[in-house]
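The structure under discussion appears below in the form of structure tokens.
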Amino acid sequence: MSADVITPAILEYLEHGAYPEDNSISSTNLSSDALANLLSALRDAQNEAKAEIRDLSKATASDIDPWISRAKGLQADILRARETARQVVAEADSGRELKLKAQEAENKAKLLEKEVAFNETLAGTLEHIKHANGLLNDVQDQAVKRNVEGALAKLHDAESAIGGLDSMENSRAVLLLRKRADQLRDNMIETTTEWWNTVVDVNQEEKNVIIKQDTAGGIGLESVATAAQGLGILHTLLQKLTKELERAIFRPRLFVDDKNQVARLSATEGRLECSGKTDDLSYERLFADMNHILRFLASYLPSSLSVPLSKTLIPAVISRLQEHWLAPAVPLEVDELSAFQTTLDNVIALADQIDSYEWDGAKALRDWVQGAPRIWLTKRREAVLGDVRNLVFSGLKERKIVERVETRMVDANDTLDTGTDGNGNKAGENEDWDTAWDDPEDKEPEGPQTSVPAGTIETEDDEDEDEANAWGADDEDERHEATEGGDEDAWGWGDDETKPDSPVVAKKSPAKVNGGSKPPARESSEREMTIRETFTVTGVAEGVLAIVKDIIHTAETLAGPAFASSPIAPAATALYTLPTLALAIYRATAPTAYTKLDTGNMLIYNDASHLASQLREWQASQPPASRLRLDNDVKALDSFAKRAYSSEMESQRTILRDLLDGAQGFSNATVQPYKTECESAIDQTAHRLRVVHQQWEDVLSQGALLQSLGSLFATVTGKMISEIEDLGDIGEADSHQLTRFCQTISEVKELFIQQKPLDSAESSEPTDMTFIYCPNWLKFQYLAEILESSLADIKYLWNEGELSLEFDAEEVVELIQALFAESDLRRRAIAEIRRGTRT
1 MSADVITPAI LEYLEHGAYP EDNSISSTNL SSDALANLLS ALRDAQNEAK
51 AEIRDLSKAT ASDIDPWISR AKGLQADILR ARETARQVVA EADSGRELKL
101 KAQEAENKAK LLEKEVAFNE TLAGTLEHIK HANGLLNDVQ DQAVKRNVEG
151 ALAKLHDAES AIGGLDSMEN SRAVLLLRKR ADQLRDNMIE TTTEWWNTVV
201 DVNQEEKNVI IKQDTAGGIG LESVATAAQG LGILHTLLQK LTKELERAIF
251 RPRLFVDDKN QVARLSATEG RLECSGKTDD LSYERLFADM NHILRFLASY
301 LPSSLSVPLS KTLIPAVISR LQEHWLAPAV PLEVDELSAF QTTLDNVIAL
351 ADQIDSYEWD GAKALRDWVQ GAPRIWLTKR REAVLGDVRN LVFSGLKERK
401 IVERVETRMV DANDTLDTGT DGNGNKAGEN EDWDTAWDDP EDKEPEGPQT
451 SVPAGTIETE DDEDEDEANA WGADDEDERH EATEGGDEDA WGWGDDETKP
501 DSPVVAKKSP AKVNGGSKPP ARESSEREMT IRETFTVTGV AEGVLAIVKD
551 IIHTAETLAG PAFASSPIAP AATALYTLPT LALAIYRATA PTAYTKLDTG
601 NMLIYNDASH LASQLREWQA SQPPASRLRL DNDVKALDSF AKRAYSSEME
651 SQRTILRDLL DGAQGFSNAT VQPYKTECES AIDQTAHRLR VVHQQWEDVL
701 SQGALLQSLG SLFATVTGKM ISEIEDLGDI GEADSHQLTR FCQTISEVKE
751 LFIQQKPLDS AESSEPTDMT FIYCPNWLKF QYLAEILESS LADIKYLWNE
801 GELSLEFDAE EVVELIQALF AESDLRRRAI AEIRRGTRT
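Residue numbering for the sequence shown follows full-length UniProt numbering, starting at 1 and increasing by one per position.
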């Protein structure tokens with residue numbers, strides 16, 4: 001490619017930076033000829049450019065010259081500034097060097113100042129050490145001269161001086177000073193302790209105290225006390241002295257030995273000792289000796305010792321005095337209160353003596369005197385509770401027969417012309433009071449009431465209508481009302497318990513056998529009837545009653561004019577609360593104590609009932625103004641008696657049920673070995689009833705015995721009736737066997753046969769009372785008869801007899817279905833029984 005093409009492209013690039021658009025130009029190869037042409041062309045272009053510049057410069061010279069002048073001036077200024085900067089830098093470098101030199105000089109000055117200060121401090125410390133050492137020398141000198149106050153003062157100054165060397169506490173010099181100070185203090189403590197033992201000498205073996213006013217070296221007791229106080233050992237010495245005085249003086253004097261003797265106290269000039277023994281245990285001698293001891297200490301000990309000593313000694317002595325003498329001095333009986341008043345006066349005098357010495361401890365004695373009524377009442381309460389507790393366990397050995405007599409107004413129509421009481425004793429012309437009883441089994445509602453050959457007794461409503469006494473009670477509603485109150489107990493018992501079983505006589509209508517006839521119209525006339533019965537109680541009941549009476553007698557005496565000025569008189573009102581506590585502790589301990597006896601619960605029932613009755617009568621005999629209130633306690637006793645009776649009855653019922661359970665419901669009464677088990681269960685049950693009768697016979701009254709045993713007998717017969725009725729199929733052999741079982745149980749009726757008294761107008765033949773005390777007895781007898789009867793006999797008993805009075809129609813139907821096979825006769829008999837009821 002020619003130079004003419006390439007040269008313009010290169011010039012265009014040089015002037016405008018533009019590349020040729022034709023790639024062939026950009027990629028062409030330049031030969032040497034082309035380069036020469038190109039160089040020549042470029043040179044020509046350069047010359048042209050220079051020529052243009054020259055022309056242009058000439059045209060604009062007038063405008064450019066000022067700018068060139070200014071540029072030269074600016075350049076000169078820059079040069080001057082640069083020079084100035086170099087000078088500044090040079091001066092700065094020179095100042096830095098000067099500053100470093102100044103800093104170095106300052107550091108040297110400070111170092112010199114520190115060295116000077118150290119030297120001054122060292123000189124002062126050495127002077128301080130010298131001063132402290134000099135003080136220690138003075139301490140030693142004063143101690144050698146026996147100048148106690150001077151030695152203590154110097155020692156305190158030396159210790160203060162040594163304390164000022166805390167900054168050098170680890171230095172050897174200070175450690176040596178401290179060690180020397182400690183040695184001097186220890187030496188002074190040892191010396192002071194020796195002086196103390198010299199002036200206050202307590203010999204525990206010989207039981208004496210010798211107090212001297214100075215030592216052999218002339219050091220006074222006051223100085224010794226001052227030294228001990230200054231050395232900080234006075235408290236330790238006084239505590240040691242307190243223990244030594246207690247062991248050497250107070251304990252021998254206040255402690256009564258096995259021979260009922262105390263130490264004899266003697267005091268001479270500066271000497272107090274307990275030598276020998278004396279039998280004089282009077283409180284006059286005691287307080288006289290206490291006065292001697294306190295006066296001795298106050299006389300021979302300075303107040304600087306006696307006052308701090310009293311802070312530990314007097315409380316310890318008063319505590320021992322209260323424990324061994326004042327507490328036993330509190331009497332239990334009011335006739336001893338006059339002597340106790342003298343003791344209280346002596347205690348007040350002792351407190352006044354302590355106050356006169358400005359000692360501590362008198363407040364405890366005055367508080368004891370002010371609390372004397374409370375202390376006496378507490379001791380009386382503890383004695384009462386202890387007496388009752390001991391009586392409950394010891395009084396069970398004593399047994400006695402008591403008679404309960406009650407006179408009631410009864411309707412003349414409710415009695416027959418002849419009769420006796422429950423024990424066969426002639427009570428009056430019309431006083432045969434055998435009665436019907438509630439069936440208490442399983443706490444079910446009252447069973448059917450039955451009559452007796454003689455009439456019944458209607459008891460009046462008393463404040464405790466549900467009294468369990470086998471004498472007669474009101475109807476079910478009245479008993480329920482009585483149950484709603486009176487069950488509260490001082491020990492919180494029985495709150496959630498159901499009303500217990502108790503042998504309560506049911507209110508009877510006259511001459512009615514199982515409800516078969518209506519009672520005749522009654523006349524409004526009434527007559528008086530006296531009821532008597534006997535039962536066994538222990539010595540606990542009357543013992544507790546005697547304790548309660550003694551408490552009330554004491555309260556009444558204490559509230560009288562004879563003791564109006566006695567400090568114990570305020571306790572009279574609180575004494576009326578002790579009977580409640582005494583009866584509560586009786587109820588609390590009786591279950592444990594009586595449980596050792598076979599008839600424990602029944603004896604609890606008798607004792608608690610008898611005690612309640614006696615308390616009720618005694619309270620009624622008190623004047624209306626009396627503060628005695630035993631209503632709740634009597635109700636609690638009645639409730640307690642009922643619970644004991646109920647517990648025993650339920651226990652015996654459980655035993656009888658368990659024995660009958662051995663028969664396994666009589667389901668295989670003729671099959672061995674079940675037959676043998678059934679026979680054994682029946683025999684054991686009958687035997688158990690006889691054993692219970694034997695146990696209770698000498699405890700319960702005759703009426704209560706028959707009622708209680710009748711209730712248990714009703715449990716047995718009721719269970720047998722229920723289990724026999726539950727049998728679905730009774731074969732002929734089974735019926736004969738079940739009849740024999742019923743006959744075996746029926747032999748227990750001998751326990752309910754009563755003999756008429758010899759002087760009775762009626763026949764002396766024994767009377768079977770089983771149907772009266774066992775409500776389901778007739779039903780049980782009918783059941784035994786049904787088991788061996790034909791359909792015709794059963795229909796006759798239902799229609800013409802009294803079977804319908806004991807059995808429901810469905811019961812008889814179920815028995816017929818179990819005893820007889822399906823037949824037309826059986827269907828007609830069942831239909832006839834279901835269709836007709838006896839009216």
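Glycine included, every Cβ here is placed at the ideal spot set by N, Cα and C.
Among residues of its own chain, excluding the 5 on either side of residue i, which ones have a beta-carbon nearer than 6 Å to its beta-carbon?
i: residue 822; result: none
i: residue 627; result: 576
i: residue 571; result: 373, 376, 377
i: residue 272; result: 209, 296
i: residue 753; result: 766, 768
i: residue 605; result: 641, 644, 645
Excluding the 5 residues flanking residue i on each side, which residues of the same chain have their C-beta closer than 7 Å to its C-beta?
i: residue 401; result: 534, 536
i: residue 598; result: 695
i: residue 866; result: Shown here, the chain extends from 1 to 839; a query on residue 866 therefore has no answer.
i: residue 19; result: 13, 26
i: residue 728; result: 818
i: residue 774; result: 710, 713, 714, 717
i: residue 361; result: 310, 314, 315, 318, 354
I think residue i touches residue j, with their Cβ atoms under 8 Å apart; what is that distance to the nearest whole Å?
i: residue 788; j: residue 736; result: 7 Å
i: residue 289; j: residue 265; result: 4 Å
i: residue 209; j: residue 248; result: 6 Å
i: residue 405; j: residue 527; result: Not confirmed; about 17 Å, so no contact.
i: residue 221; j: residue 207; result: Contact doesn't hold; Cβ gap of about 22 Å is too wide.
i: residue 388; j: residue 585; result: 5 Å
i: residue 326; j: residue 368; result: 6 Å
i: residue 748; j: residue 663; result: No, residue 748 and residue 663 are not in contact; Cβ-Cβ is about 16 Å, not under 8 Å.
i: residue 558; j: residue 334; result: 6 Å
Start and end of the alpha helix (DSSP H) containing residue i?
i: residue 600; result: 600-621
i: residue 771; result: 770-773
i: residue 253; result: 251-254
i: residue 629; result: Premise fails: residue 629 is in no alpha helix (DSSP H) and is neither H nor E.
i: residue 307; result: 303-321
i: residue 347; result: 337-356
i: residue 711; result: 702-725
i: residue 685; result: 674-697
i: residue 222; result: 221-231
i: residue 840; result: The structure shown has nothing for residue 840, since the chain only spans 1 to 839.
i: residue 823; result: Taken as a continuous stretch (DSSP letters only), residue 823 belongs to no alpha helix (DSSP H), as it is neither H nor E.
i: residue 591; result: 578-594
i: residue 806; result: 803-806
Should residue i be labelled buried (16 or more other beta-carbon atoms within 10 Å of its own) or exposed?
i: residue 691; result: exposed
i: residue 470; result: Confidence is the limiting factor: at residue 470 the pLDDT is only 36, short of 50, which leaves the residue's position unreliable and the question unanswerable from this model.
i: residue 13; result: exposed
i: residue 107; result: exposed
i: residue 47; result: exposed
i: residue 50; result: exposed
i: residue 409; result: exposed
i: residue 196; result: buried
i: residue 53; result: exposed
i: residue 203; result: exposed
i: residue 422; result: In this prediction, residue 422 has a pLDDT of 39, which is less than 50 and means its spatial position is unreliable; what the coordinates show is noted afterwards. Buried: at least 16 other Cβ atoms inside 10 Å.
Can you name the start and end residues of the beta strand (DSSP E) that residue i belongs to?
i: residue 535; result: 526-538
i: residue 277; result: 271-278
i: residue 362; result: Per DSSP, residue 362 belongs to no beta strand (DSSP E); it is in the alpha helix (DSSP H), 362-370.
i: residue 209; result: 208-211
i: residue 201; result: 200-203
i: residue 813; result: Taken as a continuous stretch (DSSP letters only), residue 813 belongs to no beta strand (DSSP E), being part of the alpha helix (DSSP H) at 809-819.
i: residue 266; result: 262-268
Give me, in chain order, the residues of the same chain whose beta-carbon lies closer than 8 Å to that of residue i; leave out the 5 immediate sequence neighbours on both sides.
i: residue 579; result: 548, 551, 552, 628, 630, 633
Would you call the region 370-382 and the region 328-339 touching, i.e. three or more CB-CB distances under 8 Å? yes
Check whether the region 671-688 touches the region 696-708, taking contact to mean three or more Cβ pairs, one atom from each stretch, closer than 8 Å. no
Touching or not, the region 386-400 and the region 334-348, by the rule of three or more beta carbon pairs under 8 Å? no
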